[in-house]
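**Student:** I'd like to ask some things about the structure below.
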Amino acid sequence: MASSLSKDDWKARIEPHLSTSLRDVSEALTRTDVVQDWLHDASMEAAEGLGDVSGMQGNMQGYMRMVDALEDRFPELLEAVDELTEGCGQVDLHWRPMNPNFSRVEMAFDRDFTVDLFVRVADLTTEAARSAIETVAAALPEGKPFPNRPNTVTGLVGYDGSCLGV
């Protein structure tokens, strides 16, 4: 069964949060009724399907079943994320087998670092680069950081299918 939301519907839910917080993107995706219903049923099914398999192997099998089911159920969401991130991002799951009700759908970028936000650059100009850096800087936590622990935020800037961490 396909999603009841179109690619444009998914883009409208994701785009306002993409350049401010991927956590907000995850919330916007996970809190939709269609995802909530699917997530509840699929996570319970995956947890029940663990059967005799335990530990990491069981968790990985459950996770893979969930990812396959997500891709089958929400192809429009996958297309929307691919377009919005210029091929740099994908839909992923944070599956909690011991607490399936706390599982969530999120956006991932397959990097060695945690990405907090994604900014698209339309053209390679000084102004566009400055705007991207200012967008990332605006996401820094307010207030003074703890001693020896600076406030940080990691943005991924995408242009024409290439992405660079900032």
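Numbering (my numbering), first residue to last: 13 to 178. Glycine included, C-beta positions come from ideal geometry on N, C-alpha and C.
Can you tell me whether A144 is buried or exposed? The criterion is at least 16 other CB atoms within 10 Å of its CB, across all chains shown.
**Tutor:** Classification for A144: buried.
**Student:** For E118, I'd like the list of residues in its chain whose CB is within less than 6 angstroms of its CB, leaving aside the five on either flank, ordered along the chain.
**Tutor:** The residues are S38, D104 and H106.
**Student:** Whole angstroms is fine: what's the gap from R142's alpha carbon to D64's?
**Tutor:** The straight-line gap from Cα to Cα measures roughly 55 angstroms.
**Student:** For a test of the three-state rule: what should DSSP assign to L17, helix, strand or coil?
**Tutor:** Three-state DSSP puts L17 in coil, outside helix and strand.
**Student:** Who pairs with E118 in a beta bridge, going by DSSP?
**Tutor:** For E118, which the question treats as bridged, DSSP gives the partners D104.
**Student:** What's the call for S31, buried or exposed, on a 16-neighbour Cβ count within 10 Å?
**Tutor:** Buried is the call here.
**Student:** Pick helix, strand or coil for V37, following the three-state DSSP scheme.
**Tutor:** Three-state DSSP puts V37 in a helix.
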